[in-house]
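Here's the structure we're looking at; comments come further down.
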Amino acid sequence: MTTATLFGLCSSALVGLGLFGVIVDPHPLRKILAFNLLGSGVFLLFGVVARRGAAAGLGGDPVPQALVITGIVVAFAATALAVALVLRLFEPEAGNAVESEATSAGLEVDGGRS
Amino acid sequence: MSSTMDAFTVLAISCGAFFFVAGTIGLLRFPDVPTRLHALTKADNLGLGLVALGLLPQVAGPLAALKLIIVWLFALISGAIVTQLIVRAVR
Amino acid sequence: MSVAAVTATTEGYLLVLAIMWPVAGILVALVVNGRNIERVAYIVLPIGFAIATAVVMAVAQGGQSQIYVVGGWAPPLGVALRADGISAAMMMTTAMVICATGLFARGEFVQPAEGPEARAPYVFWILLFSIWSALNALVLGSDLFNLYVALELLTFAAVPLVCLKGQKETIEAALRYMLFALIGSVLYLLGAVMIYGLYGTLDIGLLSGRVRAEPATWIAAALMTVGLLAKTALFPLHLWLPPAHAGAPAPGSAILSALVVKGSFFLIVRIWFDAMPGHLSFAAAQLLAALGAGAILVGSVLALRQQRLKLMIAYSTIAQLGYLFFIFPLATGFAAGIVWSGLAWTGSWMQLFSHAFAKAAMFMAAGLIAEALGHDRIADLGGIGRKLPITMFAFALSGLSLIGVPPSGGFVAKWLLLIATINEGQWWWAAVIVVGGLLAGGYIFMVLGRLLADPLSPLVIRGAVSRSRELVALSLAVCAVLLGLVPLQPSDFLRIGR
Amino acid sequence: MPEFLFGAALFILGTIAVGLVRILYSRQAADCMMAAQLIGTGGVAILLLLAVATDTPPIVDVALMLALLAAFASVAFVGGLQGKASAQAEDHRK
Amino acid sequence: MAAAFDIGLIVLLVGIGAWMIVVRDVVVATIIFVVFGLLMAIAWVRLSAVDVALTEAAIGSGITGTLLLGAAARLKGADAGGTRLSFPITVVAAVLCAMISASLAAVALLLTYPAPTLAPMAMQNLDQTGLGNPVAAVLFAYRALDTLLEKVVLLLALVGVWSLAPDRAWRGVPSLDTTVPPSDILAFFAQILPPFGIVFAIYMTWTGASNPGGAFQGGTVLAVMWLLVMMAGVMRAPSISNVWLRWLLVAGPALFLIVGFTGVFIADGFLAYPPAYAKALIVAVEAALAVSIAATLGLLAAGPPERMQQK
Chain A
1183 MTTATLFGLC SSALVGLGLF GVIVDPHPLR KILAFNLLGS GVFLLFGVVA RRGAAAGLGG
1243 DPVPQALVIT GIVVAFAATA LAVALVLRLF EPEAGNAVES EATSAGLEVD GGRS
Chain B
7 MSSTMDAFTV LAISCGAFFF VAGTIGLLRF PDVPTRLHAL TKADNLGLGL VALGLLPQVA
67 GPLAALKLII VWLFALISGA IVTQLIVRAV R
Chain C
-14 MSVAAVTATT EGYLLVLAIM WPVAGILVAL VVNGRNIERV AYIVLPIGFA IATAVVMAVA
46 QGGQSQIYVV GGWAPPLGVA LRADGISAAM MMTTAMVICA TGLFARGEFV QPAEGPEARA
106 PYVFWILLFS IWSALNALVL GSDLFNLYVA LELLTFAAVP LVCLKGQKET IEAALRYMLF
166 ALIGSVLYLL GAVMIYGLYG TLDIGLLSGR VRAEPATWIA AALMTVGLLA KTALFPLHLW
226 LPPAHAGAPA PGSAILSALV VKGSFFLIVR IWFDAMPGHL SFAAAQLLAA LGAGAILVGS
286 VLALRQQRLK LMIAYSTIAQ LGYLFFIFPL ATGFAAGIVW SGLAWTGSWM QLFSHAFAKA
346 AMFMAAGLIA EALGHDRIAD LGGIGRKLPI TMFAFALSGL SLIGVPPSGG FVAKWLLLIA
406 TINEGQWWWA AVIVVGGLLA GGYIFMVLGR LLADPLSPLV IRGAVSRSRE LVALSLAVCA
466 VLLGLVPLQP SDFLRIGR
Chain D
53 MPEFLFGAAL FILGTIAVGL VRILYSRQAA DCMMAAQLIG TGGVAILLLL AVATDTPPIV
113 DVALMLALLA AFASVAFVGG LQGKASAQAE DHRK
Chain E
2 MAAAFDIGLI VLLVGIGAWM IVVRDVVVAT IIFVVFGLLM AIAWVRLSAV DVALTEAAIG
62 SGITGTLLLG AAARLKGADA GGTRLSFPIT VVAAVLCAMI SASLAAVALL LTYPAPTLAP
122 MAMQNLDQTG LGNPVAAVLF AYRALDTLLE KVVLLLALVG VWSLAPDRAW RGVPSLDTTV
182 PPSDILAFFA QILPPFGIVF AIYMTWTGAS NPGGAFQGGT VLAVMWLLVM MAGVMRAPSI
242 SNVWLRWLLV AGPALFLIVG FTGVFIADGF LAYPPAYAKA LIVAVEAALA VSIAATLGLL
302 AAGPPERMQQ K
């Protein structure tokens, strides 16, 4: 069993765990954590693919390695946006923070305003 | 690589590993936060320091050796700061 | 579309321009004072529209795909952009809906004449440019990872659009949408990396020649498809859509329902028809269509039960998206002797385009109604036709297209799909199409029936509705209808590049 | 020599695993942060060992990065815990 | 021995991952996540992907950990528990995830050698990019379009985070500097660490052309240093409508775009570089990107503006 195969199994386990956490965990921040775990599993598979493609004097195929770097940055951006949403959702005064002078067509989703 | 240098490396790294174990055990077994912090700083400063010291003869060139020392210094500084912050947080 | 050596075509530079022009708009919009952001839009929108038109002309005149090799690095090492018939048509639809939305939003997202820069207009215009760039990148991309970045760009632009108004409910809807979309794109990425591990390339053109029928390939393709289905809100992964689409401000809802959900659908088609042609099994195609049928029935029934106009329209989107999935069993050509069924192909794309126009028009109309009345309760819309005749005419026209009443685009789409079910010997889907049309008639007439009815209590118009915004909604609705009058020309165009 | 270095790395990995037990049983956030700090230092040591064992000098840069940023997470955490009260106090003043 | 180390690392990774999912306390889960990120960095080293290890150490463990720790601490009081799924649904989800895991594991075992690879092609063309690091060549030459679009994704995420600001706080500042009470220790730390951090960031960005490293990693270190001085109150968080700040955010992607279009006139096309100037152009783009990435990541972690700047 090679290093790549071992980490491939690790990646599959992480993906399963992460996915389970995202689906089942009720706490939104925990969902985000689980999403990061899921993402790590997927990125690890990139690493495995890269390691398997070791050639030309390189320890790994540089293309998937570069893709992971892009992926990690995108995953961070996603985490930041999701965390901002969660914090906004649960901040104490979230309920009355609506001041939509710019969105004059304020249309409520539930509950009549009229 | 001379065998004396190799022996030095083995010895220093073994000592370093010992301090990591000591720090971990201290963290687990000591009764309260200040004593645990004490154990933690031991591992931080001495464990990593000895590992870096042991690796010095194995790296090529003074620049690489300098980098090892810088790594240790960084760990030292952040360890000290974090310790202080934890002490204050507990208080 | 197997391509031996990928070389750029003469007008290929237009493709990169189509993606990068809105990006330049984003960058400029970020630095200019918020007050000037609409001026930026006045430059970005028309020129972007011109670029889209130029791409359509180039594809139509050349009669073949336009290709651009970015940086001169040909796949598999580099990334290529490719415009075939369907991407050009998607680009045109996108450009039309986005520009119309821009015109419509002018009245809603204006910077105040006095005082400092305001939040909503600043954010809205940047998101609009981003969605345009992302959609162009999605329809032009031919590299699975490049498409992943485009998908994420689309998600990150769509999510803030949902909660632009900042109420708690919309933030909740945005968070739920975000989680669905993130899981979707991660699963897609997982499939993509497997494909790379198997075949050493992510280029769709190269893949079509290399893909082998083996379990690992099917697992990869299944993961990508499931991920994209979550983003397309196909039943039973539709739960996020209604609150998200109904909660956004009207121009946002129009873009989300008309365009954004179609982006991931387009990618599913790319995977099964371009990257892995001939690898879709009959059973898998039936499963996709069955989910589509489920979406049509469940979405329509739920739409019938809604009390609020915007939610009803959002559920209708779920139902109308269901039709698109008939493309898999009907256009793949499973029937003996027919390799390629152009009829269902054309029908499905007609459904996509006509729904885009009709749904954008409908959400705009709903937005205008809510603006005028201060609410959107369907039960209290009695007599609205007398107060807002143009808006309601737009609503009616787009509704007819959704039901599939001739001569609308929706009619041609559903008619072509019906014929295809007979040709392909899959008559069971015909029943769903007919029932779906009847149910759509039900929920549309639930609103239209109140047009001229006497109101229970006198209608109070709270805010004046701008005539020009009504006309924008109407012109989109007219587009949806006119699409039905030119049924033959698009069918050839849509097959360019395959 | 690489064999010994890998062995030492594995050994320190083991102490990290044991250190995790502290997080498992701790009631106090401070304990968790101490354990995390110890694990961070252990990780740095492992990276240094791997850099020499596999003869890949750039790995030292990874260790440097970790040493530089490890303390930062602790700062954010401690700050976050303490700052909550003061931020709320400020909100009330408004 | 190396194999034993790998197995130990993998067992630890999976164990920590499982623990993170089941543990009750959010704060503890977040701390476990930080540890997980550290071990991931080691895993990347074991997979011969030092560039990725640097990114993971900087972003995965460093700045994501900070973001999540801050959020967990802030949410501690709030009742953020959603509705728990019923037991049958949980079981169905578990079975589904186990199936996905199993199929993935099957793929990992089924993959055969020789594995397809682009490594030789990437090395052959390396000369034309003037770079020594093939990963940088992929990011900034072969697949530069992805990198450029990804920068736009980052900016867009920032606009998304800002869009969550209350209308009254638009043009205001993120509330970072109020989350930490002024403390001499922290201020001291925030004064001695950044000089080292900045030097290291410059080194990272510069060395990225020929060794592992680059604009992402350098930019992230800068972002962390910036966050540190803001949190310690040494430097005030900027107003998001600050003109300079906005230029800083846009500078990197804008230069990338301009260089890209210049390629149409002086080289083979969009995002192509003439071989003679390739390295200089790429390093210039990377330097500008590092600054923009630092500003973007820092502001992403800082969150939406929450109040107006005090005069």
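From first to last, the protein sequence lines are chains A, B, C, D and E. All residue numbers for the first sequence refer to the numbering used here, where the first residue is 1183 and numbers rise by one. All residue numbers for the second sequence refer to the numbering used here, where the first residue is 7 and numbers rise by one. All residue numbers for the third sequence refer to the numbering used here, where the first residue is -14 and numbers rise by one. All residue numbers for the fourth sequence refer to the numbering used here, where the first residue is 53 and numbers rise by one. All residue numbers for the fifth sequence refer to the numbering used here, where the first residue is 2 and numbers rise by one. Heads up, the beta-carbon is just placed ideally off N, CA and C, and yes, glycines get one too. Since we're looking at a predicted model, the values are computed, not measured.
Contacts that residue i makes with chain E (C-beta to C-beta distance below 9 angstroms)
| i | result |
| --- | --- |
| Leu65/D | Phe6, Gly9, Leu10, Leu13, Leu40 and Ile43 |
Expected contact under 8 angstroms - CB spacing of residue i and residue j to nearest Å
| i | j | result |
| --- | --- | --- |
| Leu306/C | Ala398/C | Actually they do not touch by this definition, with Cβ atoms about 13 angstroms apart. |
| Phe1228/A | Leu1249/A | 6 angstroms |
| Val417/C | Ile281/C | 6 angstroms |
| Lys247/C | Ala341/C | 7 angstroms |
| Leu228/E | Ala296/E | Rounded, the Cβ-Cβ distance is 11 angstroms, inconsistent with contact. |
| Val77/B | Ala49/B | With a Cβ gap of about 15 angstroms, Val77/B and Ala49/B do not count as contacting. |
Outcome for residue i when other beta-carbon atoms lying within 10 angstroms are tallied against a minimum of 16
| i | result |
| --- | --- |
| Glu57/E | buried |
| Lys312/E | Since pLDDT at Lys312/E reaches only 43, below the 50 mark, its modelled position is unreliable, and no value is offered. |
| His44/B | exposed |
| Val29/C | buried |
| Gly1239/A | exposed |
| Asp178/E | Interpretation of Asp178/E is limited by its pLDDT of 47, a score under 50 that renders its predicted location unreliable; the figure taken from the coordinates is listed afterwards. It counts as buried. |
| Gly261/E | buried |
| Gln292/C | exposed |
| Ala9/C | buried |
| Leu167/C | buried |
| Ala449/C | exposed |
| Thr67/D | buried |
| Gly18/E | buried |
Chain-ordered neighbours of residue i on chain B, where CB pairs are closer than 7 angstroms
| i | result |
| --- | --- |
| Leu100/D | Val57, Ala58, Leu61, Leu74 and Val77 |
Closer than 8 angstroms to chain C by CB, residue i
| i | result |
| --- | --- |
| Lys312/E | Residue confidence for Lys312/E is low, a pLDDT of 43 falling below 50, so the modelled location carries little weight and cannot support an answer. |
| Ser87/E | no |
| Ala1237/A | no |
| Arg1234/A | yes |
Beta carbon proximity, residue i to chain E, threshold 8 angstroms
| i | result |
| --- | --- |
| Pro106/C | no |
| Phe1202/A | yes |
| Phe1258/A | yes |
| Tyr27/C | no |
| Ala61/D | yes |
Closer than 8 angstroms to chain B by CB, residue i
| i | result |
| --- | --- |
| Ile186/E | yes |
| Ala123/D | yes |
| Phe190/E | yes |
Under 9 angstroms from the C-beta of residue i: neighbouring residues of chain A
| i | result |
| --- | --- |
| Leu228/E | Within 9 angstroms Cβ-Cβ: nothing; Leu228/E doesn't reach chain A, min ~12 angstroms. |
Interface partners of residue i on chain E, CB under 8 angstroms
| i | result |
| --- | --- |
| Tyr173/C | Per Cβ cutoff of 8 angstroms: no residues; Tyr173/C is ~14 angstroms from chain E at best. |
Partner residues on chain E for residue i, Cβ-Cβ distance less than 7 angstroms
| i | result |
| --- | --- |
| Val283/C | Simply none; closest approach about 19 angstroms. |
| Met179/C | Val108 |
Test: residue i CB closer than 8 angstroms to a CB of chain D
| i | result |
| --- | --- |
| Ser84/B | yes |
8 angstroms Cβ cutoff, residue i in contact with chain A
| i | result |
| --- | --- |
| Glu23/C | no |
| Gly234/E | no |
Where residue i meets chain C, residues with beta-carbon distance less than 7 angstroms
| i | result |
| --- | --- |
| Gly1221/A | Val171 |
Chain-ordered neighbours of residue i on chain C, where CB pairs are closer than 8 angstroms
| i | result |
| --- | --- |
| Leu1227/A | Leu175, Val178, Met179 and Gly182 |
| Pro276/E | The contacting residues do not exist; Pro276/E stays about 11 angstroms from chain C at best. |
Where residue i meets chain D, residues with beta-carbon distance less than 8 angstroms
| i | result |
| --- | --- |
| Phe197/E | Leu120 |
Exercise. How do the region 125 to 135 of chain E and the region 1205 to 1219 of chain A stand: do at least 3 beta-carbon pairs fall below 8 angstroms, yes or no?
Worked result: no
Exercise. Mind listing which residues of the region 28 to 53 of chain B have their C-beta closer than 7 angstroms to chain G's C-betas, in chain order?
Worked result: Looking at the structure shown, chain G is missing, and the protein chains on hand are A, B, C, D and E.
For this session: Would you be able to state if there are at least three C-beta pairs under 8 angstroms between the region 351 to 366 of chain C and the region 430 to 448 of chain C?
Result: The region 430 to 448 of chain C, when compared against the region 351 to 366 of chain C, does touch it at the 8 angstroms Cβ threshold.
For this session: Evaluate the contact criterion for the region 414 to 434 of chain C versus the region 57 to 75 of chain D: three or more CB pairs, one atom per stretch, below 8 angstroms.
Result: no
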